[in-house]
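Structure, as structure tokens:
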Amino acid sequence: MIKATQYITVFLGILSFVFVFAMVPNVLIQGHFDGSLHFLWSNGLTSFNEYLAGIANGDTFRYLSGKTERSFWEQIGSSLTLTFSYMAVGAVIGMTSGILLGIYFSVTRKQWLKGLLELTSVLPDFVIVLLLQVLIVLIADKTGLVMFQVASFSTDEPAIALPLISTIIIPAIYMIRNVALHMSQTLSEDYISFAKARGLGKRYIIFFHALPNVLPFVKADLHKFLGILFGNLFIFEYLYNLNGVTLLVFSNAYAYEGYQYNLVVNGLFTLLLLYAVMLLLMKVLIAGWEKVFVR
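What follows is the structure, encoded as structure tokens:
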């Protein structure tokens, strides 16, 4: 009963947050004379009431793209598929490579590699994306070889390779640092010294003694890992011109008639659904690691 109450409370809290967060552009109004900001909560309540009333007749799930009326259900499917595809591939490969490289960085003595990791970890995500695009342009300019598309120029020819590389690199950097830190601490424990004294091989000790005690830390940091992916999703889709969920929502949040509260709320709910699916996928992936290495 207590568990059910907690889940209901969390669910209602999330619903309230989405509805209130989406109200901000309607509620926060700039004064015409002095330019000061004022809160008009009545505007927010009006938007909320219109959203609930529009569920019955379908108005809640229609929006304007420029001056063209579109159905949210007809547009969100392709956008959600696109966003999920990039994020799922990036998260799975990023986590897998991050764990393996994190193990390597914890035992290597090549200090320049660790320095390079620290350098890349302080770069904002959008800088990494821009650097990758500039690198492709420079290679094309010097050699005439266009390795990858730097952005999607149409829905028929979307950029694939470079966005995937970006979604892999960004979470992998975080995972490498996280795993390397906890692996270094684990390898200094007494039971690792005892395993070495027994004559067990280095790889066996790392993967079957140390790694099982690092995986719980990886699981505990899943929300941070996904937060990195979701935190810059709009910048990622904007720079690569990918018609994903965030680009669909935020590029149409303001139509010629004004702010579209319904579209923003529906978009936020879609992102929450995507987050839940990605969290489940990551938990399944870690469970697979535990199945193989935990004895």
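Okay, so the sequence shown: first residue is -16 according to the numbering used here, each after it adds one.
In this text, a Cβ means the ideal position worked out from N, Cα and C, and glycines have one as well.
Exposure of residue i, with buried meaning 16 or more beta-carbon neighbours within 10 Å
i	result
Tyr157	buried
Asp289	Outside the modelled stretch of the chain, which goes from -16 to 278, sits residue 289, for which no answer is possible.
Gly214	exposed
Ile82	buried
Asn235	buried
Ile189	buried
Pro146	buried
Asn161	buried
Gly241	exposed
Leu121	exposed
Ser89	buried
Ile59	buried
Gln(-11)	exposed
Val267	exposed
Val3	exposed
Gly73	buried
Leu257	buried
Gly85	buried
Met70	buried
Ile38	exposed
Helix, strand or coil at residue i [DSSP, three-state]
i	result
Arg92	coil
Glu220	helix
Glu172	coil
Val232	helix
Leu128	coil
Asn249	helix
Asp108	helix
Leu262	helix
Leu225	coil
Ala178	helix
Val277	coil
Ala123	helix
Gly60	helix
Asp42	helix
Asn161	helix
Own chain partners of residue i with C-beta closer than 7 Å, once the 5 adjacent residues on each side are dropped
i	result
Val10	Phe22, Leu23, Trp24, Asn26, Gly27
Phe233	Phe217
Ile148	Leu115
Leu65	Leu225, Asn226, Gly227
Thr103	Ile156
Sequence-distant residues of the same chain with beta carbon closer than 8 Å to residue i, five excluded per side
i	result
His192	Tyr174, Ile175, Ala178, Leu183
Thr126	none
Gln243	Tyr46, Leu47, Asn235, Ala236, Tyr237
Leu262	Leu205, His206, Leu209
Ile211	Asp108, Ile153, Pro154, Tyr157
Val260	Phe67
Gly98	none
Residues bridged to residue i [DSSP beta-bridge criterion]
i	result
Tyr237	Tyr242
Ser48	Thr51
Straight-line gap, residue i to residue j (C-alpha atoms, nearest Å)
i	j	result
Ser61	Asn249	15 Å
Ser80	Pro8	41 Å
Pro154	Gln116	18 Å
Leu118	Val75	25 Å
Thr150	Val197	23 Å
Ser171	Val112	37 Å
Lys(-14)	Val(-7)	11 Å
Met78	Gln168	20 Å
Tyr239	Gly49	6 Å
Gly271	Lys207	20 Å
Arg186	Met166	13 Å
Phe31	Asn226	27 Å
Ile(-3)	Gln94	45 Å
Asp204	Leu254	20 Å
Arg53	Leu231	12 Å
Met6	Leu251	12 Å
Tyr87	Ile143	29 Å
Ile(-9)	Phe67	27 Å
Ser(-1)	Val247	14 Å
Phe200	Ala163	11 Å
Trp56	Gly41	10 Å
Lys202	Thr51	45 Å
Cβ shell of residue i (< 6 Å), same chain only, five flanking positions each side left out
i	result
Asn245	Tyr34, Thr43
Leu216	Thr229
Leu222	Val112
Pro195	Phe276, Val277
Glu297	Nothing about residue 297 can be read from this structure; the chain reaches only from -16 to 278.
Min CB distance residue i to chain C below 8 Å
i	result
Met130	This model lacks chain C altogether; it includes just one protein chain.
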